[in-house]
Amino acid sequence: MDWLTTVDHKKIAILYLLGGGLFFGIGGIEALLIRLQLIKPMNDMLDAQTFNELITMHGTTMIFLGVMPIVFALMNALIPLQIGARDVAFPFLNALGFWTFLFGGILLNLSWVMGGAPDAGWTAYTPLSSSMYSETHGVDFYTVGLQIAGLGTLIGGLNFLATIITMRAPGMSFMRMPMFTWTSFVTSAMILFAFPAITVGLVLLTFDRILGANFFDVAGGGNPVLWQHIFWIFGHPEVYILILPAFGVISEVIPTFSRKRLFGYSSMVFATILIAFLGFMVWAHHMFTTGLGPVANALFSISTMLIAVPTGIKIFNWLFTMWGGQVSFTTPNLFAVGFIPTFTMGGVTGVMLASAPADFQFHDTYFVVAHFHYVIVGGMVFGLFAGLHYWWPKMFGRMLSEPLGKWTFWTFAIGFHMTFFVQHFLGLIGMQRRIVTYLPNQGFDTMNLISTVGAFLMGVGVIIFLVNIIRTSMKPIGVANDPWGDGRTLEWTIPSPPPEYNFKQIPLVRGIDAYWKEKMAGNTEMAPSEPVGPIHMPSPTILPFIMSLGIFIAGLGLMFSGEEFSNSFMSLIFNNWIVCGLGLLITFGCMLLRSLYDDHGWHIEPEELEEEGV
Amino acid sequence: MMKRWQVMKRLLPMLAIFTLLLAGCGREDLSVLKPQGPVAQGQFDLIKLSISIMLVVLVIVFALAAFVLIKFRRRPGQTEMPEQVEGNFKLEVIWTVIPLVLVLVLAVPTVKEVFAFGEDHSNDDNAIKVKVTSHQYWWEFEYPQYDITTAQDLIIPTNRDIAFELKTMDVIHSFWVPSLSGKLDTNPDGTINKFSFSAPNEGVYLGKCAELCGPSHGFMEFKVKSVSQESFDQWVTAMKEPMVPIEDVALAETFKNQCLTCHAVGDQGGSSGPNLTGIGSRETVASILLNSDVAGEYTNPVEDNLKEWLIDPQSVKPGNKMPAPKDLGLTDDEINGIAEYLANYKLDY
Numbered sequence: 001m002d003w004l005t006t007v008d009h010k011k012i013a014i015l016y017l018l019g020g021g022l023f024f025g026i027g028g029i030e031a032l033l034i035r036l037q038l039i040k041p042m043n044d045m046l047d048a049q050t051f052n053e054l055i056t057m058h059g060t061t062m063i064f065l066g067v068m069p070i071v072f073a074l075m076n077a078l079i080p081l082q083i084g085a086r087d088v089a090f091p092f093l094n095a096l097g098f099w100t101f102l103f104g105g106i107l108l109n110l111s112w113v114m115g116g117a118p119d120a121g122w123t124a125y126t127p128l129s130s131s132m133y134s135e136t137h138g139v140d141f142y143t144v145g146l147q148i149a150g151l152g153t154l155i156g157g158l159n160f161l162a163t164i165i166t167m168r169a170p171g172m173s174f175m176r177m178p179m180f181t182w183t184s185f186v187t188s189a190m191i192l193f194a195f196p197a198i199t200v201g202l203v204l205l206t207f208d209r210i211l212g213a214n215f216f217d218v219a220g221g222g223n224p225v226l227w228q229h230i231f232w233i234f235g236h237p238e239v240y241i242l243i244l245p246a247f248g249v250i251s252e253v254i255p256t257f258s259r260k261r262l263f264g265y266s267s268m269v270f271a272t273i274l275i276a277f278l279g280f281m282v283w284a285h286h287m288f289t290t291g292l293g294p295v296a297n298a299l300f301s302i303s304t305m306l307i308a309v310p311t312g313i314k315i316f317n318w319l320f321t322m323w324g325g326q327v328s329f330t331t332p333n334l335f336a337v338g339f340i341p342t343f344t345m346g347g348v349t350g351v352m353l354a355s356a357p358a359d360f361q362f363h364d365t366y367f368v369v370a371h372f373h374y375v376i377v378g379g380m381v382f383g384l385f386a387g388l389h390y391w392w393p394k395m396f397g398r399m400l401s402e403p404l405g406k407w408t409f410w411t412f413a414i415g416f417h418m419t420f421f422v423q424h425f426l427g428l429i430g431m432q433r434r435i436v437t438y439l440p441n442q443g444f445d446t447m448n449l450i451s452t453v454g455a456f457l458m459g460v461g462v463i464i465f466l467v468n469i470i471r472t473s474m475k476p477i478g479v480a481n482d483p484w485g486d487g488r489t490l491e492w493t494i495p496s497p498p499p500e501y502n503f504k505q506i507p508l509v510r511g512i513d514a515y516w517k518e519k520m521a522g523n524t525e526m527a528p529s530e531p532v533g534p535i536h537m538p539s540p541t542i543l544p545f546i547m548s549l550g551i552f553i554a555g556l557g558l559m560f561s562g563e564e565f566s567n568s569f570m571s572l573i574f575n576n577w578i579v580c581g582l583g584l585l586i587t588f589g590c591m592l593l594r595s596l597y598d599d600h601g602w603h604i605e606p607e608e609l610e611e612e613g614v
Numbered sequence: 001m002m003k004r005w006q007v008m009k010r011l012l013p014m015l016a017i018f019t020l021l022l023a024g025c026g027r028e029d030l031s032v033l034k035p036q037g038p039v040a041q042g043q044f045d046l047i048k049l050s051i052s053i054m055l056v057v058l059v060i061v062f063a064l065a066a067f068v069l070i071k072f073r074r075r076p077g078q079t080e081m082p083e084q085v086e087g088n089f090k091l092e093v094i095w096t097v098i099p100l101v102l103v104l105v106l107a108v109p110t111v112k113e114v115f116a117f118g119e120d121h122s123n124d125d126n127a128i129k130v131k132v133t134s135h136q137y138w139w140e141f142e143y144p145q146y147d148i149t150t151a152q153d154l155i156i157p158t159n160r161d162i163a164f165e166l167k168t169m170d171v172i173h174s175f176w177v178p179s180l181s182g183k184l185d186t187n188p189d190g191t192i193n194k195f196s197f198s199a200p201n202e203g204v205y206l207g208k209c210a211e212l213c214g215p216s217h218g219f220m221e222f223k224v225k226s227v228s229q230e231s232f233d234q235w236v237t238a239m240k241e242p243m244v245p246i247e248d249v250a251l252a253e254t255f256k257n258q259c260l261t262c263h264a265v266g267d268q269g270g271s272s273g274p275n276l277t278g279i280g281s282r283e284t285v286a287s288i289l290l291n292s293d294v295a296g297e298y299t300n301p302v303e304d305n306l307k308e309w310l311i312d313p314q315s316v317k318p319g320n321k322m323p324a325p326k327d328l329g330l331t332d333d334e335i336n337g338i339a340e341y342l343a344n345y346k347l348d349y
């Protein structure tokens, strides 16, 4: 119950981690099934329809429900701590964001047991995703489920923006913010601009499918290529929404374990902003083969290649952060230094893809599959593993086992390269993506086998990580404030795990890497910027949970509004929009309740703070 | 020991790239890395250029990373704080300018090649015009200059520009012959995509559908058969011949009533299914049942393949639009008879 009503950012972070971890596991199992199917030519382990459902759900789950919530978990756990705040700006909204994400994700995955998962690819290109060519409710689950989950992301992004803009500790100017907070800030801004595009797209597709509109239907005057534009205007920034926080993690981990400040802090900040800006300028490079014409292709080629410049700045800055430092190879740092070459390889193939005429050959082949897995797994997931191992003691008060962590790294990293490196060549020798099987003797056989074996090795890495978590959770809580010994930012100044109110007194920040600066000045803790006083806390509330449940019910009602049930009661309540209306009533009722009932929260008095011995 | 291993880890992928590149890989009739025509050659040159640039980048980054990780690792007993370097304006400018230059080196030929690829050959009198229409899950090729239509096997003469016009009857597909040219989508919105390629050498090239188009997306392949000009002319003539009649009157009637409502053979039949003229001399049945005179693990004589397809089309290509002949009331004998007739329907060219 405590967990259903919490509005504490640290607990919500753990919820995000659990939810994201669950869907990450589901997406991972889907990936292993895909690789098993492709282990040998003309394999008939899975039928073609199931295979298409698996690839669609693997992509959708991993992007929206797997890595994104884990990013949100880190952001939730750390942003308030890194900027010296007691919580996020809107704790109630924060909880609401989590619950809408969870219910959206559950709705999407219900499709497996409720008559057909989405099968039109995670990009859901029309007309394949229209009700004419995708007749099950699969794509309805996709549009409605993602809409609800996307709501949570948008709420979360707005919340982080407000938090970072308004709640920084005294002295923490923008140019003194830790890099992870910076990249989270830019990411949140990107969410603010990118998610409305997918929201609109999903609404239009829902209208087409459920209400018989014609936005993407040629016969009714619509245009399927419009969907591609809308999808990628969201979709390309989404890639950077994923990778920028990973950049932030790397920018925190490498300096700590090199015992050096980040090289070229201000150029890192501007590179981040530039990447975000360019991220919105390049969506059409996903559509070179649509036939946009040479002028558009040339312009989008060049704008895409330009992203290599700020990314290159980052790579070299990280390398020069380690230069002259004392690099220790802890698990987080293994993942961080492993990230650099891996992400560079994903980056250079990105520039290759940017060259439109060459992309006519790469597009929709395994070369592309290899490329974006190098970026998303080799970049993003390596970054997340680095971040999770790094901040685990802060979040849970227990150190993850280092030997097991190293096993995780080596199995995962070796498995990763085995899986995806050969896929570059599979693409170049003519294997297109999303195919359920392939004829033998085309040169595909051996490399597909290697790839599948690698995928299972990655799976072993993930299992070792889970074992590590379980073993760690048996240990008693009790690590120091700064367990790595070289923490540089504010989160390492408070106990692990932090108390509910984070900071007894909001600290005074005197420079970049605030904690390290105090250490160098010979202090053991931050100078406070306020006297000890009562701390205002928001009340826990069940409303976000119920509101999300309402949206979930409304979504189901909408999806099945046109369904012909054999049961007359079901027909009555679904076909007359009763279920949909009931769901909306619950949600709006909760909103009304929250507006009318004035909750002032509660205070932790100074005496209590002393009692806890903080 | 540990550090040598790490160096190796960084060098191995690169060595692998070089080995594979030098050896060249894939089949000549399929691989992007073994281009068989000028368009694919132009694209391959660009790929080579970009790979070379990227290898330079990778070598620099990997070497730097290896050096840093070996040289600056923390030694036992190190307690003093390393010097805190803020940044270095000169260095940062250098690694902004170098990628810019590299991007420029790649951007110039890219733009040149983009416009070359965009050239329109559809008004070129010397070019063979082919209208490609994609269907779930087969390809239709219409030659407006000769007034003939065929399916699955695209026959072209060597050394002539083939000017394509691409469209689709249903969802988006993508027309791709890796060893001859990059791919281009077939759009449902009425926009006709145009491009062209030519094949200097005789041969059969594998073509694929590259855009997810439904359950049988992976089975939607086709062949491009490049033949001499004389053979091509003979093929055109043979295609225009009237339908070879079926001797058995009852079977001929069944064939006409059940098959020719959708399929065309010679001068007879409808056009909603693939044209079957000369299907006996095609490379495949339904694009994935490979024809061969000798039966192998995955190849069978054309007649066996036709039977397999006619007995259960859904198991060969799930989701395709062809009704199972048995559901139409055809008996096994009729199916065998039609398979035999079609298998012997060969074109001489």
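Chains as they are written, first to last, in full-length UniProt numbering: chain D, 1 to 614; chain C, 1 to 349.
Quick reminder that beta carbons are idealized off the backbone N, C-alpha and C, glycines included.
| Item | Value |
| --- | --- |
| C-beta atoms of Pro310/D and Phe270/D nearer than 9 Å | yes |
| Cβ distance (whole Å) where Leu184/C is taken to contact Leu166/C below 8 Å | 6 Å |
| Uninterrupted alpha helix (DSSP H) stretches inside the stretch 18–97 of chain C (no shorter than 4 residues) | 38–71 |
| Proximal chain D residues relative to Thr110/C, where beta-carbon distance stays under 7 Å | Ser301, Ser355, Ala356, Pro357 |
| Bridge partner(s) assigned by DSSP for Tyr205/C | Val224/C |
| Where the alpha helix (DSSP H) through residue 616/D begins and ends | Nothing in the structure corresponds to residue 616/D, since chain D is present only between 1 and 614. |
| Alpha-carbon spacing of Leu22/C relative to Ala210/C, whole angstroms | Note on Leu22/C: pLDDT 48, under 50, position unreliable in the model; no value is reported. |
| Chain C contact residues for Asp208/D, given Cβ-Cβ distances below 7 Å | Result: empty, since nearest Cβ-Cβ is about 14 Å, beyond 7 Å. |
| Assigned secondary structure, Leu46/D (DSSP; H/G/I helix, E/B strand, else coil) | coil |
| Minimum Cβ-Cβ distance from Met75/D to chain C less than 9 Å | no |
| Given Leu342/C as reference, the closest of Asp348/C, Leu330/C, Val302/C once Cα atoms are compared | Val302/C |
| Beta-carbon proximity check, Phe232/C vs Tyr349/C, cutoff 9 Å | yes |
| The stretch 154–168 of chain C touching the stretch 114–131 of chain C, judged by at least three CB pairs closer than 8 Å | yes |
| Three CB pairs or more closer than 8 Å across the stretch 102–120 of chain D and the stretch 73–91 of chain D | no |
| Partner residues on chain C for Pro127/D, Cβ-Cβ distance less than 8 Å | Asp170, Val171, Ile172, Pro188 |
| Glu238/D versus Ile275/D, Phe215/D, Phe98/D, residue with shortest Cα-Cα distance | Ile275/D |
| Rounded C-alpha distance that separates Gly266/C from Leu276/C | 8 Å |
| Contact belief for Tyr142/D with Thr60/D at Cβ below 8 Å, rounded distance in angstroms | 7 Å |
| Contact under 9 Å by Cβ, Ile230/D with Val253/D | no |
| Counted within 10 angstroms of its Cβ, other Cβ atoms place Gln229/C as buried (16 or more) or exposed | exposed |
| Whole-number beta carbon distance between Thr289/D and Ser174/C, since they are thought to touch under 8 Å | 6 Å |
| Nearest-angstrom beta carbon gap, Val171/C and Lys133/D [assumed within contact, 8 Å] | Per the sequence shown, residue 133/D should be read as Tyr rather than Lys. With 8 Å as the limit, Tyr133/D and Val171/C qualify as a contact, their Cβ atoms being about 6 Å apart. |
| Proximity below 9 Å, CB of Thr344/D to CB of Gly248/D | no |
| Sheet register partners of His135/C (DSSP bridge) | Trp138/C |
| DSSP three-state assignment for Val479/D, whether helix, strand or coil | coil |
| Beta-ladder partner(s) of Trp602/D, from DSSP | Met537/D |
| Burial state of Thr6/D, where buried means 16 or more other Cβ atoms lie within 10 Å | buried |
| Pair within 9 Å by beta-carbon distance, His236/D and Val295/D | no |
| Proximity test, Cβ basis, 9 Å: Ser328/D and chain C | yes |
| Any chain D beta carbon closer than 9 Å to Ser134/C | no |
| Residue burial classification, His536/D (beta-carbon count within 10 angstroms, cutoff 16) | exposed |
| Min CB distance Lys11/D to chain C below 9 Å | no |
| 9 Å Cβ cutoff met for Ser328/D and Asp208/D | no |
| C-alpha gap between Ile70/C and Val111/C, whole angstroms | 41 Å |
| Listed by chain order, chain B residues near Tyr298/C by CB distance under 9 Å | As a matter of chain content, chain B is missing from the structure shown, whose protein chains are D and C. |
| Beta-carbon gap between Ala124/D and Val139/D smaller than 9 Å | yes |
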